[in-house]
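Enquirer: Under the numbering used here, the first residue of the sequence shown is numbered 134, with each subsequent residue one higher.
By construction, the Cβ of each residue, glycine as well, lies at the ideal position given by its N, Cα and C atoms.
On a predicted model such as this, the values are computed, not experimentally measured, just so you know.
Handing you a structure now.
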Amino acid sequence: MGQTLTRAAQWTSVSDGGQGRLEFSPVNEALLNSIIKYVEGFPAKHPAEAAIVFKSPLQWKTVLEPTAFGSGYETSNDAVTSEAKDKNDQPLLTMRKLGELNYDLKVHCFNQLCNVLKVAGEMKMREARAILEANTDPIAKMLGDGFATTEGEDNSTLRLLEQTKKESGDEGDELESKLRLLLLIQQVDMQLMNQSLKHISQEVRLTPQQVNSEVALLKRFCGNDSGSVLQSIAFTTDYIFDNGCRAPPWRQVHGDICCLDIMPLDGDQLTVTANTAGVYMNKGIDESNEQSYERVGDVHKDLLTLLKSKSPKFAERIASKEFELKEEQKKEDIETYEDDFDGDVTERGQEEKKEEKKVEKTHKQTAKKKKRTAGRNNAPTLNWKNEEMNRQNSEKRERDKREKSEKRVSRQTNDRKQKTPALEDEFYSDSSSESEEEEDTPDRRQEQNSDLPSEYWQIQKLVKYLKGGNQTATIIALCAMRDFNLGQETCQLAIRDVGGLEVLINLLETGEIKCMIGSLKILKEISKNTQIRKAIADLGGLQTMVDILKSSSKDLKCLAAETIANVAKFRRARRTVRQHGGIKKLVTLLDCAPLGSMPMTDEFEKDVEVARCGALALWSCSKSTRNKLAIRKAGGIPLLARLLKSPHEDMLIPVVGSLQECASEQSYRLAIRTEGMIEDLVKNLNTENQELQMHCASAIFKCAEEKETRDLVRYHGGLDPLVSLLSNSDNKELLAAGTGAIWKCAMSPENVERFQELKAIEMLVALLNDQPEEVLVNVVGALGECAAQEPSNRSVIRKTNGIPSLVNLLTGTNQALLVNVTKAVGACATEQDNMGIIDRLDGVRLLWSLLKNNNPEVQASAAWAICPCIENAKDAGEMVRSFVGGLELIVSLLKSDNKEVLASVCAAIAKIAIDEENLAVITDHGVVPMLAKLASTTDDRLRRHLADAIARCCMWGNNRVAFGLNGAVAPLVRYLKSPESSVHRATAEALFQLSRDPDNCITMHESGVVKLLVGMVGADDQALQVAAAGCIRNIRRLALANEKARYSQT
């Protein structure tokens, strides 16, 4: 296991001498599951080796309680010892109390290790993680330091083998047992390594084309002007091999693509290797004037990420909005790329250019009126100057207006040339779960001739004192400024307009604690304003605040974190925090002692407040996908799990808020489940704080995609408080979160039973009217799951008058709502009484019209819903024919590229073809060649319904012959090798119908169908038996007829 943990397992970053932790990733989850399974079965398979006493015990901190251990152990309130002992009469398991919540556990053999995992029960994943994190080289603990995991050749096995041959008697037997144990561990280590390699091999790897594109892109922004990001970038060799690589052949076998010489604007030249596994620094030219390819530092996913980490100026200019503005003034040959840079996909028209000239002329006139320096360059620069702030913000406002105008024109004009927004993806891609409306907020300033309030002039005087006063005057001015109502927008904008923001941010770099605290208190209040946030980010205030997070003053750290939480409400600010190392520093703030483990002294209360402010800042930053990854890599998940046990609501809200934002990532959902956080989320659902309830319900909503999580919610009693949230109809956000959690939990039949007992179905039906769409999507989704899981719920929906409301929602335009409502209507249509109401309300026609929707999910969901409608309608054939163009429409969907659409349409065609007249119509529309074209699919879900459709369509005219001529028979035979029994039944029925044509029988026989069908004649499924036997009979009858004809000729 040592090699696997060292090389294949994924660990969090280690800083300040700390210890890395296993990441919550699919690769690590698979490894832990395999290790747990192996250890639990080890004593039964290898009893002698399981009894071997380890050289040193495996030791870790556990959350298991002494009461969890049963027979075979001596337990007390704070200790546990095993009755089993070694030859020195020492217990093989010992457990002692460390603190209020933690225990130290030592295990001396595999038998006891297996028992610990059994005792852990549902927490075994968490316990296994703790064991491996505390014992990163378990083989060294088990067999001694001589067997530690090493790089290069490992001779420990040979040494032990030679030692075993020399020894005899009991000592020789013991060494032989150790050798067997070592071999077993090495064997499982190799298996785990191979398993990890399979996961890793599926990851996306770099290609020469990607590297060339990235280099070509960066070359366009090289130079020494203010708009450049690099001085130069070049390949070390111009020779290109046939595969696109520039690296020598002996390096290509290691995955190297090319080497690059990069000269940043700051620092020395970088020599970089681009490899299929990523990009990294190499040692460059060595003392012998030869290229050294040895890696230096970490491997990065692409060139841009590496340069951001190595060159602060590169990261600053790439992240800066000013870089974007500067590029808009490049020459015309680069305008193609700078348009893409801003996400604009249209060429700039002549009118927009004229308008831009007018705006620039206006700015120049304004500058003269304000007595600005006439010769100053009008282009934005990266070095901000206080006296230019007003002018630059005005330029931004006008540019934003022009960009919005261009985007509106691009949507209305079809003859404009479109471009690919390549640079948008490369430089500014940073997905976010919140809207970026703040980026487009118009910049409001006080008019020169307007009547300004007295506070404006008073603040202007205070700012002058801040600029020119000594330390005492500065502190007095800060205190006086705090006396104003800083929550009032007039005061906030006044501080900005008179240059107060620059002064406040400069004070953060003075090192005077009192001045810094006063400045941060003001910035914390005024940064709640959208425009102030952007101004702080533009002035570089975030970088300074991130540096303050390392301060020894806890008050400073709290204020800096709270201000970051306010400012990081838009994408650019979140990116700045991450690029300057703010995520790691914020995660560090979370590391306080477990709440309840020690008395609440003043010092401990400060630590708790620091953790709360850190969680608040991480909550704002976690709206970015890349920041979520950074939080996980910095080891934030266990710390958030610890803080989730806090009894204080002001701590819980940012912690749960961060978790529910991050729960959109699979690795976080895994961590929330395995770290025992579901129990805490359920516990906090019972609080009276509606905001906390909302975040807990949202976290459950995102995590309940996995069945294990849904079971945990039910096990910890979370279904009852979720249903109680349905009564809060006034709080729409809480209602949306609660209904969403109920929807996902209803995917498990056991949960649906509990919802029935709580009368949740009736409450959900009552919410179908007069609710916002985000609530309706979840309500309808929950009703659809409940109706599909339990037949009695369909009657409840009908009796509570829910079907008319569902049918009315079929006329909406919200795509997610349409997907859910079609599923709900389809589930209700499986009962004939419900189907009568749906038909009377013209629901089937509405479902059929949704097949024209452009969204494949809506098309598929509508087609699935049509199936039970046809099956349970009184006169289904006539109903389908009454839809003008309906049959042609559904046949045309067989041209779709979406497999779910194809599977649902095939299922619908199988139902339609039951009526002979409809079968004749769809045959005329060319259904046979279209179905035959799909026969080569490997998707079992599509195979099943395609085979059903083919079987039904064989009932008309010469369709059997047509399927054979279109090559559908031989691929169908391969369906019988599928592991799905439902595919076998449908395929056997299709082959039985096709076997009535002699040519098809010959094709089947040549494809080896007889051998496959013979085994299915004895299946438990009676329909499969009959179809398989019928097909074999037809093939045999053809063979007998041929033999009879041959004998009659002779």
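(1) Touch check for the region 906 to 922 and the region 867 to 874: three-plus C-beta pairs under 8 Å?
(2) Just to check my reading of the structure: V344 and I390 have Cβ atoms closer than 8 Å, yes? What is that Cβ distance to the nearest angstrom?
(3) Out of curiosity, what's the CA-to-CA distance linking S158 and N376?
(4) Return the CA-CA distance between R708 and A452, expressed in angstroms with no decimal places.
(5) Out of K756, L265, S365, which has the shortest C-alpha to C-alpha gap to N166?
(6) Grouping DSSP H, G and I as helix and E and B as strand, with all else coil, what is A748?
(7) Where do the ends of the alpha helix (DSSP H) carrying F1096 lie?
(8) If you reduce the DSSP assignment to three classes, tell me which class A606 lands in.
(9) For the putative contact between H241 and V186, defined by C-beta atoms under 8 Å, what is the C-beta separation to the nearest angstrom?
(10) How is C392 classed by DSSP in three states: helix, strand or coil?
(11) Got a sec? Which residues, its chain only, sit under 7 Å from I659 by beta carbon, not counting five neighbours each side?
(12) Express the C-alpha separation of T409 and S359 in angstroms, rounding to a whole number.
(13) Please report the distance separating the alpha-carbon of K661 from that of I764.
(14) Report the partner residues of H433 according to the DSSP bridge assignment.
(15) Can you check whether the CB of L225 is closer than 8 Å to the CB of L191?
(16) What residue does the alpha helix (DSSP H) around W383 start on, and which one ends it?
(17) What three-state label does DSSP hand W144 in the structure shown?
(18) In whole angstroms, give me the CA-to-CA distance for N760 and G601.
(19) Quick check on Q992: buried or exposed, where buried means 16 or more other Cβ atoms within 10 Å of its Cβ?
(20) Excluding sequence positions up to five away, which residues of its chain have a Cβ less than 6 Å from the Cβ of A1036?
(21) What alpha helix (DSSP H) runs, 4 residues minimum, are completely inside the region 171 to 201?
(22) Determine the DSSP secondary structure at S757, reduced to helix, strand or coil.
(23) So is Y1180 buried or exposed if we call it buried at 16+ other beta carbons inside 10 Å?
(24) Mind checking which residues open and close the alpha helix (DSSP H) that includes V910?
(25) So, do the region 1025 to 1041 and the region 998 to 1016 have three or more beta carbon pairs nearer to each other than 8 Å?
(26) Can you give me the C-alpha to C-alpha distance between K718 and K683, rounded to a whole angstrom?
(27) Whole angstroms are fine: how far does the CA of G411 sit from the CA of D149?
(28) How far does the alpha helix (DSSP H) with L226 in it extend, from its first residue to its last?
(29) With H, G and I counted as helix, E and B as strand and the rest as coil, what does DSSP make of S215?
(30) Need the endpoints of the alpha helix (DSSP H) that Q664 sits in, please.
(31) By Cβ distance below 7 Å, which residues in the same chain neighbour T807 in space, the five residues on each side in sequence not counted?
(32) Look at the Cβ atom of L897, then the Cβ atom of V912, and state whether they are nearer than 8 Å.
(33) Comparing alpha-carbon positions, which option in R711, L951, T842 lies nearest G976?
(34) T946 to A915, Cα distance in whole Å?
(35) Might you give, ordered along the chain, the residues of its own chain that have their beta carbon closer than 7 Å to the beta carbon of F175, omitting 5 neighbours on each side?
(36) Using only alpha-carbon positions, find the residue among R1014, L1027, L1026, G205 that is nearest to E1049.
Expert: With the given structure in hand:
(1) Verdict: yes, contact present.
(2) Within the sequence shown, residue 344 is the residue found at index 211, counting from 1. Within the sequence shown, residue 390 is the residue found at index 257, counting from 1. Rounded, the Cβ-Cβ distance is 5 Å, consistent with contact.
(3) Here residue 158 is taken as the residue at index 25 of the sequence shown, counted from 1. Here residue 376 is taken as the residue at index 243 of the sequence shown, counted from 1. Taken atom to atom, the span from the alpha-carbon of S158 to that of N376 is near 33 Å.
(4) Taking the first residue of the sequence shown as 1, we reach residue 708 at position 575. Taking the first residue of the sequence shown as 1, we reach residue 452 at position 319. Going from the Cα of R708 to the Cα of A452 covers about 7 Å.
(5) Residue numbering aside, residue 166 sits at position 33 when the sequence shown is read from its first letter. Checking every option, the nearest Cα to that of N166 belongs to L265.
(6) Working through the sequence shown from its first residue, we reach residue 748 at position 615. In the structure shown, the three-state DSSP call for A748 is helix.
(7) Walking along the sequence shown from the start, residue 1096 turns up at place 963. Counting along the chain, the alpha helix (DSSP H) containing F1096 begins and ends at 1092 to 1098.
(8) Along the sequence shown, read from residue 1 onward, the residue named residue 606 stands at position 473. Here A606 sits in helix by DSSP.
(9) In the sequence shown, counting from the first residue as 1, residue 241 sits at position 108. In the sequence shown, counting from the first residue as 1, residue 186 sits at position 53. About 5 Å separates the Cβ atoms of H241 and V186, confirming a contact at the 8 Å cut-off.
(10) The sequence position of residue 392 within the sequence shown is 259, counting from 1. The three-state reading of DSSP puts C392 in strand, counting E and B together.
(11) Mapped onto the sequence shown, residue 659 falls at position 526. Closer than 7 Å at Cβ, skipping near neighbours: L619, Q625, I628, I665.
(12) Taking the sequence shown and counting its residues from 1, one reaches residue 359 at position 226. Taking the sequence shown and counting its residues from 1, one reaches residue 409 at position 276. Separation of S359 and T409 (C-alpha to C-alpha, rounded to the nearest whole angstrom) is 33 Å.
(13) Residue 661 sits at position 528 when you count from the first residue of the sequence shown. Residue 764 sits at position 631 when you count from the first residue of the sequence shown. Roughly 24 Å between the two C-alpha positions.
(14) The residue labelled residue 433 in the question sits at position 300 within the sequence shown. In the DSSP output, where bridge partners are listed per residue, H433 has V412.
(15) Taking the first residue of the sequence shown as position 1, residue 191 is located at position 58. Taking the first residue of the sequence shown as position 1, residue 225 is located at position 92. Not a contact, by the Cβ cut-off of 8 Å.
(16) The count along the sequence shown starts at 1 and reaches residue 383 at position 250. Its alpha helix (DSSP H) spans residues 382 to 385.
(17) Your numbering for residue 144 matches position 11 in the sequence shown. In the structure shown, W144 sits in a strand (DSSP, three-state: E or B).
(18) Position 627 of the sequence shown, counted from the start, is the residue given in the question as residue 760. Position 468 of the sequence shown, counted from the start, is the residue given in the question as residue 601. Roughly 40 Å separates the two Cα atoms.
(19) To locate residue 992, count along the sequence shown from 1; it is residue 859. Taking all protein chains shown into account, Q992 has 16 or more neighbouring C-beta atoms within 10 Å of its C-beta and is therefore buried.
(20) For the purposes of this step, residue 1036 is taken as residue 903 along the sequence shown, with counting starting at 1. Apart from the 5 residues on each side of it in sequence, A1036 sits with its Cβ closer than 6 Å to the Cβ of R1074, L1075, H1078 in its chain, given in chain order.
(21) Counting only runs of 4 or more, we get 180 to 183.
(22) By 1-based counting over the sequence shown, the position of residue 757 is 624. Reduced to three states, the DSSP call for S757 is strand.
(23) As a first step, residue 1180 is located in the sequence shown; it is residue number 1047 there, counting from the start. Burial call: exposed.
(24) Walking along the sequence shown from the start, residue 910 turns up at place 777. In the DSSP assignment, V910 falls within the unbroken alpha helix (DSSP H) covering 906 to 922.
(25) Result yes; three or more Cβ-Cβ pairs closer than 8 Å.
(26) Position 585 of the sequence shown holds residue 718. Position 550 of the sequence shown holds residue 683. One C-alpha to the other measures close to 7 Å.
(27) On the sequence shown, position 16 is the one that residue 149 refers to. On the sequence shown, position 278 is the one that residue 411 refers to. Confidence at D149 is low in this model, with a pLDDT of 42, below 50, so the placement of that residue is unreliable and no value is reported for it.
(28) Counting from 1 along the sequence shown, the entry for residue 226 is found at position 93. Unbroken run through L226 is the beta strand (DSSP E), 226 to 230; no alpha helix (DSSP H).
(29) Walking along the sequence shown from the start, residue 215 turns up at place 82. Here S215 sits in strand by DSSP.
(30) As a first step, residue 664 must be located in the sequence shown, where it is residue number 531. It spans 663 to 671 - the alpha helix (DSSP H) in which Q664 sits, taken as one unbroken run.
(31) As a working mapping, residue 807 is identified with position 674 in the sequence shown. If you ignore the 5 residues before and after T807, its C-beta comes within less than 7 Å of the C-beta of M258, R259, all in its own chain and listed in chain order.
(32) As a position in the sequence shown, residue 897 is number 764, starting the count at 1. As a position in the sequence shown, residue 912 is number 779, starting the count at 1. The answer is yes: Cβ separation under 8 Å.
(33) If you number the sequence shown from 1, residue 976 lands on position 843. That would be L951, whose Cα lies nearest to the Cα of G976.
(34) Locating residue 946 in the sequence shown gives position 813, counting from the first residue. Locating residue 915 in the sequence shown gives position 782, counting from the first residue. Spanning the two alpha carbons is a distance of roughly 19 Å.
(35) Stepping through the sequence shown from its first residue, residue 175 is reached at position 42. For F175, the CB contacts under 7 Å within the same chain, skipping 5 residues up- and downstream, are A183, F243, C247 in chain order.
(36) Position 916 of the sequence shown, counted from the start, is the residue given in the question as residue 1049. Cα-wise, what sits closest to E1049 is R1014.
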